[in-house]
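This report concerns only the one structure given below.
There are 2 protein chains.
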Amino acid sequence: MDYLVMLPGPTNVPNRVMNAMLTHIINHRSDDFRDLYKAIVEKTQRVFQTHNDIVLLTTSGTGAVEASVINIIRKDDKVIIPVNGEFGTRLADLIDSWGGHAIRVKAPFGQNPPYSEIEEAFDQNKDIKAIYAVYNETSTGTTLRYLDKLSQLCSESGAFFIVDAVSILGGDELPVDKWNVDICVTASQKALAAPPGVSPISISPRAKKHMQANPPPTQYLNLKRYFKYYEENFETPFTPALPLFHAFSEALDLVLEEGLNKRILRHKACADAFYEGLNAMGLSPFAKQDARSNVVIAVNYMPGMDDKRFRGLLSQQFRVLVAGGFGELKGKVFRIGSMGEVNKYHVMRTLSSVAYSMNILGLNVSPDAASIALKRMENVM
Amino acid sequence: MDYLVMLPGPTNVPNRVMNAMLTHIINHRSDDFRDLYKAIVEKTQRVFQTHNDIVLLTTSGTGAVEASVINIIRKDDKVIIPVNGEFGTRLADLIDSWGGHAIRVKAPFGQNPPYSEIEEAFDQNKDIKAIYAVYNETSTGTTLRYLDKLSQLCSESGAFFIVDAVSILGGDELPVDKWNVDICVTASQKALAAPPGVSPISISPRAKKHMQANPPPTQYLNLKRYFKYYEENFETPFTPALPLFHAFSEALDLVLEEGLNKRILRHKACADAFYEGLNAMGLSPFAKQDARSNVVIAVNYMPGMDDKRFRGLLSQQFRVLVAGGFGELKGKVFRIGSMGEVNKYHVMRTLSSVAYSMNILGLNVSPDAASIALKRMENVM
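Protein sequences, first through last, are from chains A and B.
Residue numbers for the first sequence follow the working numbering, beginning at 636 and rising by one.
Residue numbers for the second sequence follow the working numbering, beginning at 636 and rising by one.
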């Protein structure tokens, strides 16, 4: 039996999307490719809710996040960044190692720093070049719920607003133009439910202008080259991962056929079902209530649940994949990716498998979870 | 009818390799992935003829070439590099923009700089950090035929020997250990006949040691991270392009099933058939005889052959894809990728389509090409 992939990326990929990879090889310097790439750009704009330029990189999400740093940040540039998990830490470290100065507004993992602390950091530092925000912190299952306010702070000051939306775009609200996001980064294998290996990025006109005037000393993630090749020929500067481009195009079709709003409601309903169902089973989420993600559910282990044993049971006896903890949360939590194609069958199979695995570990689990979870999803599925 | 993809990458991908992409999504932090990645590493070592470390990057070849620069070159490092085409130029420019100092030993496009000029440059410059060589210059159809001598120069002086073998590895001789290649880079979609999007790179122990002591200020192409993740867990630091990893693994199986020597002989025979067949049709290769590539055949247009019209006929009337010229050769040559799965049917279909397209353009073509080409391939296919 195939795995049910409840990871926070890669996630389950629909057959239609997988099969698109079998499209025969084409010339990436031909109209065949130009038509494909133009269509991807236009569909990505609709999913990002933006008119900004779109680039599709042949990299994982990390590559695209790195592009958002090396194309904008120069020596001693000051950047404010909320940090409350592994991916925020990693991004802040990259900004520093690249020569920038990351001002970290920290919160304990599982919580968001209060918005007032960001404002404070902003007031205390002059010449802030950009605010970077990891919208969904995949390592802890938290979502930053004040992007609109960060947007306003940037608009007022002229700072660039840069959003790492790798694990969330397509699964929660992110109107790029409305929130004036200068650079928005996501990846194919998360809430957009395509295979991993390509990562789209949107760039506002003012960010683009800045990048064109200050290109980085490298080639592969140098966005100026991507703009040039697209404007001149609707091509990428370097050979694109063709099968993944076809698959991503198909995945975007699925998003647009469902409709973004409906998709976001579905994610919300599945997340609610997970949180309440797990709660009924005696399991608590790692994230504080007001920070909880609708796409990554991080769950505290209770005594008697050994990470390796529990996830081994889930994988080997039920063919359900969930992730372990990351960094300092290793062994302390498990994480469910509730994203992409997630629907009530996924939720119910995951919850029942979690319950049965707990039973095998000798833990008693209340039977209420089943109907509680179902109820949460009845209106949207 | 599907295209016959005679491009210098991407090239025709066998069905077995395409279908491997449909393997169900797995957890890239699990034994499922570790087993896959270990197998890829071991098979890549055999194809590279090396015991060196192997990293498989989720990038095009350019990304892997960039990794060979940013992980080795530091400010003011002197590098010698033969330059006789677009890709050599691009690599030398990257070395300079990254802060190094590229000493270009130039030759007219279509020729290799004499080895004596490289030796001279070496003698005239102290403290050469590395010699970079683009083994096969895809833009002009030339192959550098003295890698063994460059290797010796490096061994004697202690300089790193770095080979961009993107468009050739698997299609011509390249014994990495025998030639003491410190960093060898290739890409999936060329002579290894996998889909584009992943690029393997081999790193010698001394190059690895140097990289671990001097990591670059970035993350995505920082090889120190890849070594760490592989040594600790047989994983990649960032989400790998899983379907392309499966496909690449299958492509390596095909290479090893055929046998490297047999594969190289097949490439040589097909190249000979192309050169002699095209010659019989009145078409001359762009490259000088002693520099001619066995994997990329660059052909001068004769009067009456307009690039757009000719390649349009080939593509639209015969479903055969060949590439145009690159940079300053645009409109002056067309380029045939004779690599990967190339066999006598590919060669004969390509040659007959070229001849018919020339006929449509009003050019008379000698009928001798057909039997001349066939004869060249009779012993190996």
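We put the beta carbon where it would ideally sit given N, CA and C, even for glycine.
Selected residue, minimal CA-CA separation from Ile1007 of chain A, among A:Thr778, A:Ile753, A:Leu900 and A:Met916:
To locate residue 1007 of chain A, count along the first sequence from 1; it is residue 372. Of A:Thr778, A:Ile753, A:Leu900 and A:Met916, the residue nearest in Cα terms is A:Met916.
Does any CB atom of chain D fall closer than 9 Å to the CB of Phe873 of chain A?
Any reference to chain D falls outside this structure, whose protein chains are A and B.
Flag this pair as touching only if the region 715 to 731 of chain B and the region 751 to 770 of chain B have three or more C-beta atom pairs under 8 Å; answer yes or no.
With contact defined as three or more Cβ pairs closer than 8 Å, the region 715 to 731 of chain B and the region 751 to 770 of chain B are in contact.
At what residues does the alpha helix (DSSP H) containing Leu895 of chain A begin and finish?
In the first sequence, counting from the first residue as 1, residue 895 of chain A sits at position 260. Start and end: Leu895 to Ala915.
Distance CB(His981 of chain B)-CB(Leu726 of chain B) smaller than 9 Å
On the second sequence, residue 981 of chain B is found 346 positions in, with the first residue counted as 1. On the second sequence, residue 726 of chain B is found 91 positions in, with the first residue counted as 1. For His981 of chain B and Leu726 of chain B, no; Cβs fall outside 9 Å.
Taking Trp733 of chain A as the query, report the chain B residues whose CB atoms sit under 9 Å from its CB, ordered along the chain.
Sequence index remark: in the first sequence, residue 733 of chain A carries index 98 (1-based). Residues of chain B with a Cβ closer than 9 Å to the Cβ of Trp733 of chain A are, in chain order, Pro852 and Thr853.
Quick check: what's the CA-CA separation for Lys825 of chain A versus Arg860 of chain B?
For this step, residue 825 of chain A is matched to residue 190 along the first sequence. For this step, residue 860 of chain B is matched to residue 225 along the second sequence. Rounded to the nearest angstrom, the two C-alpha atoms are 23 Å apart.
Segment contact flag, the region 814 to 829 of chain B with the region 695 to 708 of chain B, C-beta cutoff 8 Å, min 3 pairs:
When C-beta atoms of the region 814 to 829 of chain B are compared with those of the region 695 to 708 of chain B, three or more pairs fall below 8 Å, so the two segments count as touching.
Comparing the C-beta of His736 of chain B with each C-beta of chain A, is any distance below 9 Å?
Taking the second sequence and counting its residues from 1, one reaches residue 736 of chain B at position 101. Residue-level contact check: His736 of chain B does not touch chain A, since none of the beta carbons of chain A fall below 9 Å from its beta carbon.
For the region 950 to 970 of chain B and the region 660 to 677 of chain A, state whether three or more C-beta atom pairs, one from each stretch, are separated by less than 8 Å.
Touching, yes.
Residue range of the alpha helix (DSSP H) that includes Val934 of chain A
Position 299 of the first sequence, counted from the start, is the residue given in the question as residue 934 of chain A. For Val934 of chain A, there is no enclosing alpha helix (DSSP H); the enclosing beta strand (DSSP E) covers residues Val931 to Asn935.
At a CB distance below 7 Å, what residues from the region 814 to 845 of chain B approach chain A? Give them in sequence order.
Result list: Gln824, Pro830, Pro831 and Gly832.
Looking at Arg651 of chain B and Phe869 of chain B, is the spacing between their C-beta atoms short of 9 Å?
Position 234 of the second sequence, counted from the start, is the residue given in the question as residue 869 of chain B. Position 16 of the second sequence, counted from the start, is the residue given in the question as residue 651 of chain B. No; because the gap between Cβ atoms is not below 9 Å, this pair is not in contact.
Please say whether Asn747 of chain B and Ala990 of chain B have beta carbons closer to each other than 9 Å?
By one-based count along the second sequence, residue 990 of chain B stands at place 355. By one-based count along the second sequence, residue 747 of chain B stands at place 112. Not in contact: Ala990 of chain B and Asn747 of chain B (Cβ atoms no closer than 9 Å).
Straight-line CA distance for Lys943 of chain A to Gly966 of chain A?
Taking the first residue of the first sequence as 1, we reach residue 943 of chain A at position 308. Taking the first residue of the first sequence as 1, we reach residue 966 of chain A at position 331. Looking at the two C-alpha atoms, the distance is approximately 8 Å.
If you draw a straight line from the C-alpha of Ala742 of chain B to the C-alpha of Lys844 of chain A, how long is it?
Taking the first residue of the second sequence as position 1, residue 742 of chain B is located at position 107. Taking the first residue of the first sequence as position 1, residue 844 of chain A is located at position 209. Ala742 of chain B and Lys844 of chain A have their alpha carbons spaced roughly 37 Å apart.
Pair within 9 Å by beta-carbon distance, Leu889 of chain A and Pro649 of chain A:
Working through the first sequence from its first residue, we reach residue 889 of chain A at position 254. Working through the first sequence from its first residue, we reach residue 649 of chain A at position 14. Note that the C-beta distance between Leu889 of chain A and Pro649 of chain A is below 9 Å.
Tell me whether Gly959 of chain A sits in a helix, a strand or coil according to DSSP, three-state version.
In the first sequence, the residue the question calls residue 959 of chain A occupies position 324. Strand at Gly959 of chain A.
Quick one: using the 10 Å Cβ neighbour count with 16 as the cut-off for buried, is Met937 of chain B buried or exposed?
As a first step, residue 937 of chain B is located in the second sequence; it is residue number 302 there, counting from the start. Exposed, because fewer than 16 other Cβ atoms sit within 10 Å of the Cβ of Met937 of chain B.
Any Cβ of chain B within less than 9 Å of the Cβ of Asn654 of chain A?
As a position in the first sequence, residue 654 of chain A is number 19, starting the count at 1. Output row for Asn654 of chain A: interface = yes.
I'd like to confirm the pairing. Which residues does DSSP put opposite Phe795 of chain A in its beta bridges?
For the purposes of this step, residue 795 of chain A is taken as residue 160 along the first sequence, with counting starting at 1. Partner(s): A:Ala765.
Ends of the alpha helix (DSSP H) at His736 of chain B?
Walking along the second sequence from the start, residue 736 of chain B turns up at place 101. Run containing His736 of chain B: none in the alpha helix (DSSP H); it sits in the beta strand (DSSP E), His736 to Lys741.
What would DSSP say about Pro976 of chain B, mapped onto helix, strand or coil?
Walking along the second sequence from the start, residue 976 of chain B turns up at place 341. Contrary to the premise, residue 976 of chain B reads as Glu rather than Pro in this sequence. In the structure shown, Glu976 of chain B adopts coil according to DSSP, grouped into three states.
Give the DSSP bridge partners of Asp888 of chain A, in chain order.
For the purposes of this step, residue 888 of chain A is taken as the residue at position 253 of the first sequence. Residue pairing by DSSP leaves Asp888 of chain A without any beta bridge partner.
Which residue from B:Phe795, B:Asn815, B:Val1000 and B:Ala829 puts its Cα closest to that of Met940 of chain B?
Start at 1 with the first residue of the second sequence, and residue 940 of chain B comes out as number 305. Ranked by how close their Cα comes to the Cα of Met940 of chain B, the residues B:Phe795, B:Asn815, B:Val1000 and B:Ala829 have B:Val1000 in first place.
Chain B within 9 Å of Glu701 of chain A, Cβ atoms only
Taking the first residue of the first sequence as position 1, residue 701 of chain A is located at position 66. Yes, contact with chain B.
Under a CB-based cut-off of 9 Å, is Asn647 of chain A close to chain B?
Mapped onto the first sequence, residue 647 of chain A falls at position 12. True, the Cβ-Cβ gap to chain B drops below 9 Å.
If you follow the alpha helix (DSSP H) that Ser732 of chain B is in, where does it begin and where does it stop?
By one-based count along the second sequence, residue 732 of chain B stands at place 97. Glu721 to Ser732 is the span of the alpha helix (DSSP H), which, as asked, contains Ser732 of chain B.
Taking three-plus beta-carbon pairs below 8 Å as touching, is the region 747 to 766 of chain A in contact with the region 698 to 717 of chain A?
Three or more beta-carbon pairs drawn from the region 747 to 766 of chain A and the region 698 to 717 of chain A are found closer than 8 Å, and the two stretches are therefore classed as touching.
Neighbour list for Thr724 of chain B in chain A, Cβ cutoff strictly below 7 Å
Stepping through the second sequence from its first residue, residue 724 of chain B is reached at position 89. None at all; the shortest Cβ gap to chain A is about 12 Å.
Helix, strand or coil for Arg780 of chain B, going by three-state DSSP, please let me know.
Position 145 of the second sequence, counted from the first residue, corresponds to residue 780 of chain B. Three-state DSSP puts Arg780 of chain B in coil, outside helix and strand.
If distances are taken between C-alpha atoms only, which option among A:Pro831, A:Arg984, A:Leu964 and A:Arg1011 comes closest to Arg901 of chain A?
Residue numbering aside, residue 901 of chain A sits at position 266 when the first sequence is read from its first letter. Looking at the Cα atoms, A:Arg1011 is the closest of the given residues.
Chain A partners of Tyr638 of chain B, CB-CB under 9 Å?
Start at 1 with the first residue of the second sequence, and residue 638 of chain B comes out as number 3. Here the neighbours are His659, Ile660, Ile661, Asn662 and Asp667.
I'd like to know if the region 908 to 915 of chain B and the region 880 to 889 of chain B are in contact, where contact means that at least 3 CB-CB pairs between them fall below 8 Å.
Contact between the region 908 to 915 of chain B and the region 880 to 889 of chain B is absent: fewer than 3 CB-CB pairs across the two stretches fall below 8 Å.
Return the residues of the region 693 to 720 of chain A that lie within a Cβ-Cβ distance of less than 8 Å from chain B, sorted by chain order.
From the region 693 to 720 of chain A, only Thr693, Thr694, Ser695, Gly696, Thr697, Gly698, Glu701 and Ile705 have a Cβ closer than 8 Å to chain B.
Return yes when the Cβ of Pro645 of chain A is within less than 9 Å of the Cβ of Ile660 of chain B, no when it is not.
Locating residue 660 of chain B in the second sequence gives position 25, counting from the first residue. Locating residue 645 of chain A in the first sequence gives position 10, counting from the first residue. Going by C-beta atoms, Ile660 of chain B is nearer than 9 Å to Pro645 of chain A.
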